[in-house]
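**Q**
Residue numbers (the working numbering): 25 to 294.
1) Below 6 Å CB to CB, which residues in the same chain sit around residue 26 once its five sequence neighbours on both sides are set aside?
2) Tell me the start and end of each unbroken alpha helix (DSSP H) in the segment 158-190 that is at least 4 residues and wholly inside, in chain order.
3) Buried or exposed for residue 192, please, with buried defined as at least 16 other CB atoms from any protein chain shown within 10 angstroms of its CB.
4) Given 8 Å as the limit, is there contact between the segment 137-157 and the segment 238-249, that is, 3 or more CB pairs closer than that?
5) To the nearest angstrom, how far is the alpha carbon of residue 269 from that of residue 160?
6) Report the CB separation of residue 122 from residue 229 in whole angstroms; it is logged as a contact under 8 Å.
7) Provide the residue(s) that pair with residue 203 in DSSP beta bridges, ordered along the chain.
8) Taking the alpha helix (DSSP H) that residue 35 falls in, what are its first and last residues?
9) What whole-angstrom Cβ distance do residue 31 and residue 101 have, given they're in contact under 8 Å?
10) Considering Cα atoms alone, identify which of 187, 140, 287 is closest to residue 46.
11) Can you tell me whether residue 246 is helix, strand or coil according to DSSP?
12) Quick check on DSSP: helix, strand or coil for residue 267?
13) Consult DSSP for residue 119 and reduce its assignment to one of helix, strand or coil.
14) Are residue 314 and residue 81 closer than 7 Å when you measure CB to CB?
15) Since residue 79 and residue 41 are thought to touch, with beta carbons under 8 Å apart, how far apart are those beta carbons, to the nearest angstrom?
16) Which whole runs of the beta strand (DSSP E) in the segment 68-123 are 3 residues long or more, in chain order?
17) Who are the Cβ neighbours of residue 180 in its own chain at under 6 Å, not counting the five residues just before and after it?
18) Name the DSSP beta bridge partners of residue 238, please?
19) Does DSSP put residue 286 in a helix, a strand or coil?
20) May I have the straight-line CA-CA distance separating residue 271 from residue 214, to the nearest angstrom?
21) Residue 277 to residue 51, Cα distance in whole Å?
22) Is the Cβ-Cβ distance between residue 164 and residue 177 less than 7 Å?
23) First and last residue of the beta strand (DSSP E) that includes residue 154?
24) Leaving out five residues before and five after residue 113 in sequence, what residues of the same chain have Cβ atoms less than 8 Å from its Cβ?
25) Within the continuous beta strand (DSSP E) that includes residue 276, where are the two ends?
26) Please state whether DSSP places residue 59 in a helix, a strand or coil.
27) Could you pull the DSSP bridge partners for residue 197 from this structure?
28) Is the beta carbon of residue 129 closer than 7 Å to that of residue 142?
29) How far does the beta strand (DSSP E) with residue 27 in it reach, from first residue to last?
Spelled out as structure tokens, the structure:
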């Protein structure tokens, strides 16, 4: 069920599926994305987990909130959500920017004694800065500009770029005035994401994770050097468990669902 909570007088869109399980999977999306992208993973885990997801401010149908566009507010929204719904036995699952948020939120959920595991999927971290020259591609305003971003996100961009239904959806998305108003705020935040402060708080979060933590990257991610990324995480936290998915880009599960889902389920079942 999609609903809303209030955080600092702003409406935040949430997804809650009570499947009468004793464990909860909490999903956190990436930059300029929303929790809909997790649909196949949600379906996979629904038989064993209650499902929760959050659309960060200005994303999805959450209220546009320029003052909340920062990593600390995103982290605090996760903590507020967990407290509001008295979540227990939580597995945090974060993709890209959401992986950075999950790293930061983990320490708070550990203090609450409700965190079981963390899954970081192509997570935001400072090693991505070596690809900073590609960052302008992450601010598309038209479908044509979006087509230049897709090859960075997927090893097999034709999955999207040859799908007529998805093409029509994306064209309508960028033609919407409402979308453009949201992107004004999201992209202003995006221009600040590479700042050192944001890298530091994510590093501190990674180092603080004390529960089992999976780091899952794709070997064809356009903004991740897997070896450098894995070394960075292991240096900060030797307990991190890295995995590399073959023939997969930044949106790993879209490119190689079989290997990704097997790695994810194996980690969760340990």
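Beta carbons: idealized from backbone N, C-alpha and C, even for Gly.
**A** So, from the data block:
1) As a working note, residue 26 is residue 2 in the chain shown. Around residue 26: 39.
2) With a minimum length of 4 residues, the continuous alpha helix (DSSP H) runs that stay inside the segment 158-190 are 167-177, 182-185.
3) Position 168 of the chain shown, counted from the start, is the residue given in the question as residue 192. It is exposed - the Cβ of residue 192 has fewer than 16 other Cβ atoms within 10 Å.
4) Segment contact: the segment 137-157 against the segment 238-249, three or more CB-CB distances shorter than 8 Å; contact assigned.
5) Locating residue 269 in the chain shown gives position 245, where the first residue counts as 1. Locating residue 160 in the chain shown gives position 136, where the first residue counts as 1. Residue 269 and residue 160: Cα-Cα distance of roughly 26 Å.
6) Along the chain shown, read from residue 1 onward, the residue named residue 122 stands at position 98. Along the chain shown, read from residue 1 onward, the residue named residue 229 stands at position 205. With a Cβ gap of about 12 Å, residue 122 and residue 229 do not count as contacting.
7) Here residue 203 corresponds to residue number 179 of the chain shown, with the count starting at 1. The partner list for residue 203 (beta bridge, DSSP) is empty, contrary to what the question assumes.
8) Within the chain shown, residue 35 is the residue found at index 11, counting from 1. Not the alpha helix (DSSP H): residue 35 falls in the beta strand (DSSP E), residues 34-41.
9) On the chain shown, residue 31 is found 7 positions in, with the first residue counted as 1. On the chain shown, residue 101 is found 77 positions in, with the first residue counted as 1. Correct: roughly 5 Å between the Cβ atoms.
10) Indexing the chain shown from 1 puts residue 46 at position 22. Comparing Cα-Cα distances from residue 46 to each of 187, 140, 287, the minimum goes to 140.
11) The residue labelled residue 246 in the question sits at position 222 within the chain shown. The answer is coil: DSSP assigns residue 246 none of H, G, I, E or B.
12) Start at 1 with the first residue of the chain shown, and residue 267 comes out as number 243. Residue 267: strand per DSSP, three-state reduction.
13) Taking the chain shown and counting its residues from 1, one reaches residue 119 at position 95. Residue 119: strand per DSSP, three-state reduction.
14) Nothing about residue 314 can be read from this structure; the chain reaches only from 25 to 294.
15) For the purposes of this step, residue 79 is identified with residue 55 of the chain shown, where counting begins at 1. For the purposes of this step, residue 41 is identified with residue 17 of the chain shown, where counting begins at 1. The C-beta distance from residue 79 to residue 41 rounds to 15 Å, too long to meet the 8 Å contact threshold.
16) For the segment 68-123, whole beta strand (DSSP E) runs of length 3 or above, ordered along the chain, are 74-78, 114-119.
17) Locating residue 180 in the chain shown gives position 156, where the first residue counts as 1. The residues are 279.
18) Residue mapping note: residue 238 aligns to position 214 of the chain shown, counting from 1. Answer is 143, 265.
19) As a working note, residue 286 is residue 262 in the chain shown. It is helical.
20) Along the chain shown, one-based indexing puts residue 271 at 247. Along the chain shown, one-based indexing puts residue 214 at 190. Those two C-alpha atoms are separated by around 27 Å.
21) Along the chain shown, read from residue 1 onward, the residue named residue 277 stands at position 253. Along the chain shown, read from residue 1 onward, the residue named residue 51 stands at position 27. Taking the straight line joining both Cα atoms gives about 14 Å.
22) Indexing the chain shown from 1 puts residue 164 at position 140. Indexing the chain shown from 1 puts residue 177 at position 153. Contact flag unset, no.
23) Looking up residue 154 in the chain shown gives position 130. Taken as a continuous stretch (DSSP letters only), residue 154 belongs to no beta strand (DSSP E), as it is neither H nor E.
24) Here residue 113 refers to the residue found at position 89 when the chain shown is read from its first residue. So the list reads 46, 47, 48, 138, 140, once near-sequence residues are dropped.
25) Position 252 of the chain shown holds residue 276. Premise fails: residue 276 lies in the alpha helix (DSSP H), 276-279, not in any beta strand (DSSP E).
26) By 1-based counting over the chain shown, the position of residue 59 is 35. In the three-state reduction of the DSSP assignment, residue 59 falls in the helix class, which pools H, G and I.
27) Taking the first residue of the chain shown as position 1, residue 197 is located at position 173. The beta-bridge partner set that DSSP reports for residue 197 is empty.
28) Here residue 142 is taken as the residue at index 118 of the chain shown, counted from 1. Here residue 129 is taken as the residue at index 105 of the chain shown, counted from 1. Between residue 142 and residue 129, the C-beta gap is not smaller than 7 Å, which leaves the two residues out of contact.
29) Locating residue 27 in the chain shown gives position 3, where the first residue counts as 1. Residue 27 -> beta strand (DSSP E) spans 26-31.
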